[in-house]
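Down below is the structure, laid out as structure tokens.
2 protein chains.
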Amino acid sequence: MDIRGYVESNAPEFFAALKEWLTIPSISADPGRHPDVRRSAEWLVAHLQATGFPVAEVWETGEGLPAVYGEWPAADPGAPVVLVYGHHDVQPVEPLEEWILTPFEPIERDGRLLARGASDDKGQVLFHCLGIRACLAASGQSAPPVTIKLLVEGEEESGSPYFADLLRRERERLACDVIVISDTTMWAADVPSMCTSMRGLADTEVTLTGPSRDLHSGSFGGGVPNPLHAMASLLAGLHDVHGRITIPGFYDKVVALSDEERDLLARLPFDEKQWLEEAGGSGATYGEQGFSTLERIWARPTAEINGMWGGHTGPGTKTIIPKQAHAKVTFRLVADQDPKEVAEAFQAYVHANTPAGLQSEVTLGSGVRPCRSPIDSPAVLAGRRAMERAFGKQVLFTKEGGSGPEADLADILGAPLVFIAVGLDSDQIHAPNESIDMSLLLRGAKASAYLWEELAASASR
Amino acid sequence: MDIRGYVESNAPEFFAALKEWLTIPSISADPGRHPDVRRSAEWLVAHLQATGFPVAEVWETGEGLPAVYGEWPAADPGAPVVLVYGHHDVQPVEPLEEWILTPFEPIERDGRLLARGASDDKGQVLFHCLGIRACLAASGQSAPPVTIKLLVEGEEESGSPYFADLLRRERERLACDVIVISDTTMWAADVPSMCTSMRGLADTEVTLTGPSRDLHSGSFGGGVPNPLHAMASLLAGLHDVHGRITIPGFYDKVVALSDEERDLLARLPFDEKQWLEEAGGSGATYGEQGFSTLERIWARPTAEINGMWGGHTGPGTKTIIPKQAHAKVTFRLVADQDPKEVAEAFQAYVHANTPAGLQSEVTLGSGVRPCRSPIDSPAVLAGRRAMERAFGKQVLFTKEGGSGPEADLADILGAPLVFIAVGLDSDQIHAPNESIDMSLLLRGAKASAYLWEELAASASR
Numbered sequence: 001m002d003i004r005g006y007v008e009s010n011a012p013e014f015f016a017a018l019k020e021w022l023t024i025p026s027i028s029a030d031p032g033r034h035p036d037v038r039r040s041a042e043w044l045v046a047h048l049q050a051t052g053f054p055v056a057e058v059w060e061t062g063e064g065l066p067a068v069y070g071e072w073p074a075a076d077p078g079a080p081v082v083l084v085y086g087h088h089d090v091q092p093v094e095p096l097e098e099w100i101l102t103p104f105e106p107i108e109r110d111g112r113l114l115a116r117g118a119s120d121d122k123g124q125v126l127f128h129c130l131g132i133r134a135c136l137a138a139s140g141q142s143a144p145p146v147t148i149k150l151l152v153e154g155e156e157e158s159g160s161p162y163f164a165d166l167l168r169r170e171r172e173r174l175a176c177d178v179i180v181i182s183d184t185t186m187w188a189a190d191v192p193s194m195c196t197s198m199r200g201l202a203d204t205e206v207t208l209t210g211p212s213r214d215l216h217s218g219s220f221g222g223g224v225p226n227p228l229h230a231m232a233s234l235l236a237g238l239h240d241v242h243g244r245i246t247i248p249g250f251y252d253k254v255v256a257l258s259d260e261e262r263d264l265l266a267r268l269p270f271d272e273k274q275w276l277e278e279a280g281g282s283g284a285t286y287g288e289q290g291f292s293t294l295e296r297i298w299a300r301p302t303a304e305i306n307g308m309w310g311g312h313t314g315p316g317t318k319t320i321i322p323k324q325a326h327a328k329v330t331f332r333l334v335a336d337q338d339p340k341e342v343a344e345a346f347q348a349y350v351h352a353n354t355p356a357g358l359q360s361e362v363t364l365g366s367g368v369r370p371c372r373s374p375i376d377s378p379a380v381l382a383g384r385r386a387m388e389r390a391f392g393k394q395v396l397f398t399k400e401g402g403s404g405p406e407a408d409l410a411d412i413l414g415a416p417l418v419f420i421a422v423g424l425d426s427d428q429i430h431a432p433n434e435s436i437d438m439s440l441l442l443r444g445a446k447a448s449a450y451l452w453e454e455l456a457a458s459a460s461r
Numbered sequence: 462m463d464i465r466g467y468v469e470s471n472a473p474e475f476f477a478a479l480k481e482w483l484t485i486p487s488i489s490a491d492p493g494r495h496p497d498v499r500r501s502a503e504w505l506v507a508h509l510q511a512t513g514f515p516v517a518e519v520w521e522t523g524e525g526l527p528a529v530y531g532e533w534p535a536a537d538p539g540a541p542v543v544l545v546y547g548h549h550d551v552q553p554v555e556p557l558e559e560w561i562l563t564p565f566e567p568i569e570r571d572g573r574l575l576a577r578g579a580s581d582d583k584g585q586v587l588f589h590c591l592g593i594r595a596c597l598a599a600s601g602q603s604a605p606p607v608t609i610k611l612l613v614e615g616e617e618e619s620g621s622p623y624f625a626d627l628l629r630r631e632r633e634r635l636a637c638d639v640i641v642i643s644d645t646t647m648w649a650a651d652v653p654s655m656c657t658s659m660r661g662l663a664d665t666e667v668t669l670t671g672p673s674r675d676l677h678s679g680s681f682g683g684g685v686p687n688p689l690h691a692m693a694s695l696l697a698g699l700h701d702v703h704g705r706i707t708i709p710g711f712y713d714k715v716v717a718l719s720d721e722e723r724d725l726l727a728r729l730p731f732d733e734k735q736w737l738e739e740a741g742g743s744g745a746t747y748g749e750q751g752f753s754t755l756e757r758i759w760a761r762p763t764a765e766i767n768g769m770w771g772g773h774t775g776p777g778t779k780t781i782i783p784k785q786a787h788a789k790v791t792f793r794l795v796a797d798q799d800p801k802e803v804a805e806a807f808q809a810y811v812h813a814n815t816p817a818g819l820q821s822e823v824t825l826g827s828g829v830r831p832c833r834s835p836i837d838s839p840a841v842l843a844g845r846r847a848m849e850r851a852f853g854k855q856v857l858f859t860k861e862g863g864s865g866p867e868a869d870l871a872d873i874l875g876a877p878l879v880f881i882a883v884g885l886d887s888d889q890i891h892a893p894n895e896s897i898d899m900s901l902l903l904r905g906a907k908a909s910a911y912l913w914e915e916l917a918a919s920a921s922r
């Protein structure tokens, strides 16, 4: 039986298993649901065993919630090792009154499966089990053509606080040649695509201090520096008239978009009006000159003031020169920018541009590294072929403007990332009535099956 | 008996009366003290009657606290009419633990009289009564050489909310040729001076609105305008590199300092280091290029951000593009700037500089008009001669960076202002342990006595 046929004929059992898993309310952010997160991990271990994984274990993570690890070695010990990443915890369900169903009682409607976690991320983890079975059925082998390792986290929706520690602790068992991420989205159901990069983050907080108390602006206004003016000037000066960031060296490590990447991004059917609607009804686009909106939000670094405060913020007028001004400033980064270098360059920029008479202090957060999968790398090419076989059409490339623990995986395990996922922006993940297109889950299972073949073939070339 | 002799020999009675008045805790900001504000008004009416004023009345002010009106006509009905302004309410006394005395039990120490209100403003109101008696004693007449009107407000420390209404209602009885303000300070005990202008105020609040909700900066950062960035740019753009305000037309109505004024200001023994200490330990001066610090804070208009807020202002990082940004912006104005015109010009500036995709709203406060007494006007020259006779040395000119109801007096009554006062910055008005130099109060009484002579002489020239 070929892959397509196996997936189709085993679809009912696949969805029955997924629905069973989705009944477990594994909300990592809710301490009252932590026993359910553990139950969810145990369910997955049992399912991996039933799938045929020789190794299937619950892994504890420091003070955190359990992950699941599975391993299915290839017959050939020289075959590539592929690590699949996903997570089995889910988002909270509030506001409950906006759900048309009970979040953990899955229902099918119009070809969609509705439940919290259906798309993010249980459905996308589970299609790999069906994919591996399909691959074996089609090949007639008892072991996959590559060694498959599966690491399914239990705290992704809570910021993965112990995940990097876990990766470092288990680096040897997790050693791999390729990391497959199944926790993102495609452009559209009829526009299959793969994510090829995620932006990182440098987070900072700035405080400018002037006088030791708020001053009366009648007595002192015009004679001493005002920390709020200085903050406004500092932050206004972060961008030049072309929307480029002025911090010296800021762009030095930015990997430029290739012509091919720009061409592929431009092929995505992007509706700017609809996007502006989704952007809270923003009235216009805005950003770095010379780049499209998708390039700006996916492939270019940015500086954002997330918050700013100082002085009198209550009702009425208070004619003061405030003693302090504060701002929270974050930078979205792209490969190969380093969060620490960018934060320190910003710190130097602030100090260099603080007027005489004021003190500046910049505190630096821990940051998130950007990640990037070159579209011409063997692993991405193999993934693309698998996706194209599953969808029967050309696969385009997207990027993501934010990121989770993906860069940690790539950095700590030292392997390239390939994004194989079939979620859509319209799945309403993190919102009421989360759902997933059931036919796309089956496409995902097929892409998974082809992926093992393609990665094995790619390695043997 | 000459003026000097009369004042000296009647000093004990003068201080006894003042101390009696100072025992009345006329705190206008404290509703529990409002009966005391009325008692204070009644005390002053009785004192004016005892001084010899033919007219002495309590004046009610709308919903507010009572003022006191006194009138002593000149014998010659063609003599100039002089209105003296002061106030009989006082500041609150908190923090009480920092007082070395009980605030309303006056004591003398090292030639100073300590009590709440001793300098601001009961002492400076009362020296006029002694001055008028001295003038009569010296001239041997039973009426002063000018018609003296006295208006002593009961709500100055609460923002004079009903004062302008009172002036309009009583405009006819208050009609005058000169207004004498006795509620300011001199440069120093050994540097007698007169205030010649007060800055006004235009007060505004700006709101920039972008998306209908806070946006995730990973998904949208770099693609839509950020209201906080736009606010920073707007406010940074308010000043050019020379520290001048960029709003078109902003300086059009500013009366330039004359060379004589600049020269007189430069003669004041200004200690910049000490001034910076008083400015909350500000580290450096800052302001419009081409002007001294005193010119900047007294004689030049300014723009100040009094408060600014938007987005995430709590602990930690929240990677949002905020939906709104807010700022409170006030302008200190100098003659002949108009608060409404300036506020509207700022409103136009904000609208013109709001990037596409954001909406701006600017609300305008009621503002305060600046006031100015030309140093070569007959009234100021007469006041200066009176002060110079009282102090026996040259009198310099100062200005004040803020203002109370003085511009309303000048505008509504249509008469020039002359500032005759003997308070010092070191009197700790509005703070614990307010006091006044008793010898300066007697100088004030002498200056008051000479003032009636000088104003009468000035009119007959």
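Quick note, the sequences are listed as chains X and G, same order. Using my numbering, the first residue of the first sequence is number 1, and each one after it goes up by one. Using my numbering, the first residue of the second sequence is number 462, and each one after it goes up by one. Note that the Cβ used here is the ideal one computed from N, Cα and C, for glycine as well.
To which residues does DSSP link L857(G) through a beta bridge?
S654(G)
Identify the continuous alpha helix (DSSP H) that holds T51(X) and give its terminal residues.
34-51
Report, in whole angstroms, the separation of the C-beta atoms of G547(G) and S619(G), which I expect to be a contact under 8 Å.
Not a contact, Cβ separation roughly 15 Å.
Looking at A232(X): is its Cβ nearer than 9 Å to the Cβ of I568(G)?
no
Cβ-based contacts, 8 Å cut-off: residues of the stretch 219-230 of chain X near chain G
S219, F220, G221, G222, G223, V224, P225, N226, L228, H229
Check the DSSP bridge columns for E532(G) and list the partner residues they point to.
V516(G), K610(G)
Which two residues bound the contiguous beta strand (DSSP E) that contains W736(G)?
Element bounds for W736(G): not the beta strand (DSSP E) but the alpha helix (DSSP H), 733-739.
Relative to the alpha-carbon of V178(X), which residue among S460(X), H239(X), P80(X), E344(X) has its alpha-carbon at the smallest distance?
P80(X)
Do the CB positions of G578(G) and E895(G) come within less than 9 Å of each other?
yes
For P66(X) and R38(X), believed in contact at Cβ under 8 Å, the rounded distance
6 Å
With a threshold of 9 Å between beta carbons, is A786(G) in contact with chain X?
yes
Does the stretch 854-863 of chain G come within contact of the stretch 204-220 of chain X, defined as at least 3 CB pairs closer than 8 Å?
yes
Take the Cβ of I561(G) as the centre, count every other Cβ of all protein chains shown within 10 Å, and call the residue buried at 16 or more, exposed below.
exposed
DSSP three-state label for F419(X), please.
strand
Residue range of the unbroken beta strand (DSSP E) whose run includes K789(G):
785-794
Thinking C-beta only, is A502(G) closer than 9 Å to V519(G)?
yes
Just the chain G side, please: which residues come within less than 8 Å of W309(X) by C-beta, in chain order?
M769, W770, G771, T774
Check whether the stretch 476-496 of chain G touches the stretch 602-620 of chain G, taking contact to mean three or more Cβ pairs, one atom from each stretch, closer than 8 Å.
yes
Cβ separation of V795(G) and A760(G), assumed to be a contact under 8 Å, to the nearest whole Å
6 Å
Taking the beta strand (DSSP E) that I766(G) belongs to, which residues open and close that run?
763-772
State the beta-bridge partners of S821(G) as determined by DSSP.
L669(G)
Within 9 Å of chain X by C-beta, residues of the stretch 808-820 of chain G in sequence order
P816, A817, G818, L819, Q820
Straight-line CA distance for A717(G) to G290(X)?
47 Å
Contacts of R632(G) in chain X (Cβ-Cβ under 8 Å):
Those do not exist, as R632(G) stays about 28 Å from chain X at its closest Cβ, beyond 8 Å.
Which one or two residues does DSSP pair with I436(X) in a beta bridge?
L113(X)
Looking at the structure shown, is Y623(G) part of a helix, part of a strand, or coil, going by DSSP?
coil
Counting only beta-carbon atoms, is D675(G) nearer than 9 Å to chain X?
yes
Please report the straight-line C-alpha distance between G280(X) and R494(G), rounded to a whole angstrom.
52 Å
For I781(G), go through chain X and note every residue whose CB falls closer than 7 Å to its CB, in chain order.
N306
When the Cα atoms are used, what is the spatial distance from S460(X) to Y6(X)?
26 Å
From S292(X) to P800(G), what does the alpha carbon distance come to, in whole angstroms?
44 Å
Pairwise C-alpha distance: T317(X) and V543(G):
34 Å
So, does the CB of D664(G) fall closer than 9 Å to a CB anywhere in chain B?
You won't find chain B in this structure, because its protein chains are X and G.
With 16 other Cβ atoms within 10 Å as the buried cut-off, status of L136(X):
buried
DSSP three-state label for Y546(G), please.
strand
Assuming G698(G) and N814(G) form a contact by the criterion Cβ under 8 Å, report the distance between their Cβ atoms to the nearest whole angstrom.
6 Å
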